[in-house]
Amino acid sequence: MLKKVFSANCASIRAHPQLSILPFTVFFSNDINETDSLQYQKECPHAKTEMFPFEQFPDSVKRLDHYRFKAIHHSMAFKNHKILLSFDSSILFNKNANFSDLIESSIKGNPTDVSLLTPANHNMFSTTHPKMYDCFPNIKPESMLKVPQFQSGLILWIGSEMGWKAMKRFVECSLQPTCIAPPGATIKCNIQRIYKNQRAFSGCHRFDQAAINLILYENSNHKPELYQRRSPWFKVSRKP
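Take any residue in the sequence shown, count from 1 to its spot, add 1415: that is its number in this note's numbering.
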């Protein structure tokens, strides 16, 4: 499965004239073996690959199903670039995507300087553990009923004061014991419950995705239309 996901992701990168020449760093988690790593390097030969340094962080970061590591590797990459497009291997790029226009419109229209580009097709309330709001006291849980959740697998970061404000909060939440992963939170659940009744918490918590959405909701003064910027240039494909 990983081989096919890598192959599709890399093929879409190679097909894009801008992406094929831009700096591109891939962070591997500790569930990626040497065979998978070599396969990715074969599919994306221009990529710089690095193993995530789990040994430098608390044991809680090593638990992959809590996704604490994602904010940290975003911040590690962000230090080296004024603009960062972070994406999971499930993201496919349209070869006609105009990234210059995307960046320009995001800078002009989004004062948070962090843009979420693909919708999750459900609201925030149904996939945010109720105890997570303890770390976001300025947000009322019921206000999330009408706020869409956008995916965390594709984020455009602008290296401004506001962009770094969001990044630092994202990392802090990830390292805080109960912020990104409140007690009892799990991603393993009945997915149908998310869509069946979005006025109730489904039992499915979205960890880093819930975190970055809440952070940007605060930073935008409760205006999700500023940072949620649905783009036609990307597709999410997790099928093998």
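All residues carry an ideal CB built from backbone N, CA and C; glycine is no exception.
Is any heavy atom of the ligand PLP found at a distance shorter than 6 Å from the C-beta of residue i?
i: L1453; result: Questions concerning the ligand PLP fall outside what the structure shown contains, since it holds no ligand whatsoever.
Measuring CA to CA, which of the options is closest to residue i?
i: Y1632; options: N1553, L1590, I1602; result: N1553
i: N1538; options: A1512, S1558, M1577, H1461; result: S1558
i: D1623; options: Q1566, M1577, S1575; result: Q1566
i: R1644; options: S1520, S1652, F1551, G1599; result: S1520
i: Y1455; options: Y1642, A1423, P1534, A1581; result: A1423
i: L1560; options: S1505, I1570, T1543; result: T1543
i: P1647; options: L1569, F1467, A1625, L1641; result: L1569
i: I1436; options: K1523, C1459, Y1482; result: C1459
i: F1585; options: L1629, D1451, R1621; result: L1629
i: P1534; options: A1426, P1639, F1421; result: P1639
i: F1484; options: C1604, S1635, K1580, N1445; result: N1445
i: N1634; options: E1576, R1614, R1653; result: E1576
i: K1523; options: Q1613, M1582, L1641; result: L1641
i: H1481; options: V1651, K1603, Y1610, R1608; result: K1603
i: S1587; options: F1551, T1601, R1429; result: Here residue 1587 turns out to be Glu, not Ser, going by the sequence shown. Among F1551, T1601, R1429, the Cα nearest to that of E1587 belongs to F1551.
i: N1536; options: K1611, F1514, I1447; result: K1611
i: K1583; options: G1599, K1494, R1614; result: K1494
i: A1625; options: S1515, L1531, N1636, R1653; result: L1531
i: I1428; options: R1608, L1453, P1473, I1506; result: I1506
i: N1636; options: F1472, T1527, N1448; result: T1527
Is the separation between the beta-carbon of residue i and that of residue j shorter than 7 Å?
i: W1572; j: L1517; result: no
i: P1597; j: M1547; result: yes
i: K1497; j: G1578; result: no
i: P1440; j: K1457; result: Contrary to the premise, residue 1440 reads as Thr rather than Pro in this sequence. Contact flag unset, no.
i: F1467; j: H1488; result: yes
i: V1651; j: A1581; result: no
Check the C-beta distance from residue i over to residue j and give it rounded, since I have them as a contact under 8 Å.
i: N1606; j: C1619; result: What sits at residue 1606 in the sequence shown is Ile, not Asn. That pair is a contact at about 7 Å.
i: P1563; j: F1540; result: P1563 to F1540, Cβ: 10 Å. No contact.
i: F1649; j: F1508; result: 6 Å
i: H1461; j: A1512; result: Rounded, the Cβ-Cβ distance is 18 Å, inconsistent with contact.
i: S1589; j: A1486; result: 4 Å
i: E1465; j: F1502; result: About 16 Å separates the two Cβ atoms, so there is no contact after all.
i: S1504; j: V1420; result: 5 Å
So for residue i, helix, strand or coil by DSSP?
i: V1586; result: helix
i: F1616; result: coil
i: K1611; result: helix
i: F1540; result: helix
i: I1595; result: coil
i: S1575; result: coil
i: I1602; result: coil
i: K1650; result: strand
i: S1558; result: helix
i: F1551; result: coil
i: Q1564; result: strand
- Tell me the start and end of each unbroken beta strand (DSSP E) in the segment 1416–1489 that is at least 3 residues and wholly inside, in chain order. 1440–1443, 1463–1466
Query raised in the report: Where are the alpha helix (DSSP H) runs, 4 residues long or more, that stay fully inside the segment 1503–1536, in chain order?
Result: 1514–1524
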